[in-house]
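Asker: Residue numbers for the sequence shown follow full-length UniProt numbering, so the first one is 1 and each next one is one higher.
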Amino acid sequence: MTLIGVREAAERLAISPRRVQQRIEDGSLPAIRVGSQWAIDPSRLPLAAPRRSRPLSPRMAWAMLDLLAGREPTVASTERARLRTYAERLQAADDPAALLRAWMVRRADRVEFRVAPADLDDLRDDDRLRRAGTSAEGSFIVSPTLEAYAVPTDVDGLVDDYFLVPADRQQGNVILHVTTVRPDTSAWPVLATDLAEHLGSRESARANELVRLGSAGGEVAP
Numbered sequence: 001m002t003l004i005g006v007r008e009a010a011e012r013l014a015i016s017p018r019r020v021q022q023r024i025e026d027g028s029l030p031a032i033r034v035g036s037q038w039a040i041d042p043s044r045l046p047l048a049a050p051r052r053s054r055p056l057s058p059r060m061a062w063a064m065l066d067l068l069a070g071r072e073p074t075v076a077s078t079e080r081a082r083l084r085t086y087a088e089r090l091q092a093a094d095d096p097a098a099l100l101r102a103w104m105v106r107r108a109d110r111v112e113f114r115v116a117p118a119d120l121d122d123l124r125d126d127d128r129l130r131r132a133g134t135s136a137e138g139s140f141i142v143s144p145t146l147e148a149y150a151v152p153t154d155v156d157g158l159v160d161d162y163f164l165v166p167a168d169r170q171q172g173n174v175i176l177h178v179t180t181v182r183p184d185t186s187a188w189p190v191l192a193t194d195l196a197e198h199l200g201s202r203e204s205a206r207a208n209e210l211v212r213l214g215s216a217g218g219e220v221a222p
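(1) To the nearest angstrom, how far is the alpha carbon of residue 130 from that of residue 20?
(2) In whole angstroms, give me the CA-to-CA distance for residue 40 and residue 13.
(3) For residue 49, does the three-state DSSP call read helix, strand or coil?
(4) How is residue 117 classed by DSSP in three states: helix, strand or coil?
(5) How should residue 142 be labelled, buried or exposed, when 16 other C-beta atoms within 10 angstroms of its C-beta is the threshold for buried?
(6) Return the CA-CA distance between residue 158 and residue 36, expressed in angstroms with no decimal places.
(7) Which same chain residues, not among the five before or five after residue 194, have their C-beta less than 6 Å away from its C-beta?
(8) Threshold first: 3 residues or longer. Then list the beta strand (DSSP E) segments lying entirely within the region 155-218, N to C.
(9) Just how far apart, CA to CA, sit residue 208 and residue 183?
(10) Beta-carbon within less than 7 Å of residue 101's beta-carbon, same chain only, minus the 5 sequence neighbours each way: which residues are those?
(11) If you drop the 5 nearest sequence neighbours on each side, which residues of the same chain put their C-beta closer than 6 Å to that of residue 189?
(12) Which of the three DSSP states, helix, strand or coil, is assigned to residue 122?
(13) Between which two residues does the alpha helix (DSSP H) harbouring residue 99 extend?
(14) Please classify residue 139: is it buried, with 16 or more other beta-carbons within 10 angstroms of its beta-carbon, or exposed?
(15) Name the residue from 58, 24 and 162 whose alpha carbon lies nearest to the alpha carbon of residue 114.
(16) Taking a contact to mean a Cβ-Cβ separation below 8 Å, would you say residue 201 touches residue 136 in this structure?
(17) Which residues share a DSSP beta bridge with residue 131?
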């Protein structure tokens, strides 16, 4: 049996090595110790796929999401043409969720926290957050974790107000996507992107469904 390391697993899953390490630590990605390194059986990566494109810059990632949602992105004409090519690739892909993971990983900084269960509902309703991913309306996925977007200037206040403690994936119950953008998290391109990042089969299946429904509905710009 040929085993691969953390870095190669990250390349196949189109995520960062740190994210692979988190999944090993929380038990969602099986791995064994070989000396001081983790080794992974590639057949245990059900969603693995070679990285098919470099990540888009944050600016181009949000422009791409605008384009998919039927809005005119504020980019140069040459960049708009490039994004239309990406949109066509997404529509034609057998697994569009894998492309979204590869392209959109830099759209925001992902940070995870732990909050007391008694404070979770209040945090969920805080106006400084925009619920996203599995917490967004339209995901049709039940999760005990709160997932939301927040602007950088609000994060320290949220941490102080709710006593948020940095946590790993196993112990965390809050995922914040930190970016200066205030996205419409119910729009199918944003929701599909957020769900694709989870790597779970349910989330990826829903992301693929959203891409196909959105594209069929004419929301992807020609």
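All residues carry an ideal CB built from backbone N, CA and C; glycine is no exception.
Answerer: In short, the structure shows the following:
(1) The sequence position of residue 130 within the sequence shown is 130, counting from 1. The sequence position of residue 20 within the sequence shown is 20, counting from 1. The alpha-carbon atoms of residue 130 and residue 20 are separated by roughly 26 Å.
(2) As a position in the sequence shown, residue 40 is number 40, starting the count at 1. As a position in the sequence shown, residue 13 is number 13, starting the count at 1. Answer to the nearest angstrom: the Cα atoms are 12 Å apart.
(3) Position 49 of the sequence shown, counting from 1, holds the residue named residue 49. Note on residue 49: pLDDT 46, under 50, position unreliable in the model; no value is reported.
(4) Here residue 117 corresponds to residue number 117 of the sequence shown, with the count starting at 1. Helix.
(5) For the purposes of this step, residue 142 is taken as the residue at position 142 of the sequence shown. Exposed, by the Cβ-count rule.
(6) Residue mapping note: residue 158 aligns to position 158 of the sequence shown, counting from 1. Residue mapping note: residue 36 aligns to position 36 of the sequence shown, counting from 1. The straight-line gap from Cα to Cα measures roughly 37 Å.
(7) Numbered from its first residue, the sequence shown carries residue 194 at position 194. These residues qualify, in order along the chain: 132 and 133.
(8) 174-178
(9) Along the sequence shown, read from residue 1 onward, the residue named residue 208 stands at position 208. Along the sequence shown, read from residue 1 onward, the residue named residue 183 stands at position 183. If I take the Cα positions, the gap works out to 20 Å.
(10) Position 101 of the sequence shown, counting from 1, holds the residue named residue 101. Contacts found: 14, 15, 196 and 197.
(11) Within the sequence shown, residue 189 is the residue found at index 189, counting from 1. So the list reads 65, 68 and 69, once near-sequence residues are dropped.
(12) What you label residue 122 is simply residue 122 of the sequence shown in a count that begins at 1. Of the three classes helix, strand and coil, the one that applies to residue 122 here is helix, per DSSP.
(13) By 1-based counting over the sequence shown, the position of residue 99 is 99. Note, residue 99: alpha helix (DSSP H), 96-104.
(14) Translated into positions along the sequence shown, residue 139 becomes position 139. Buried.
(15) Indexing the sequence shown from 1 puts residue 114 at position 114. For residue 114, the nearest C-alpha among the options comes from 162.
(16) For the purposes of this step, residue 201 is taken as the residue at position 201 of the sequence shown. For the purposes of this step, residue 136 is taken as the residue at position 136 of the sequence shown. No, the pair does not count as a contact, with Cβ atoms beyond the cut-off.
(17) The sequence position of residue 131 within the sequence shown is 131, counting from 1. DSSP, once it has assigned bridges, lists 148 as partnering residue 131.
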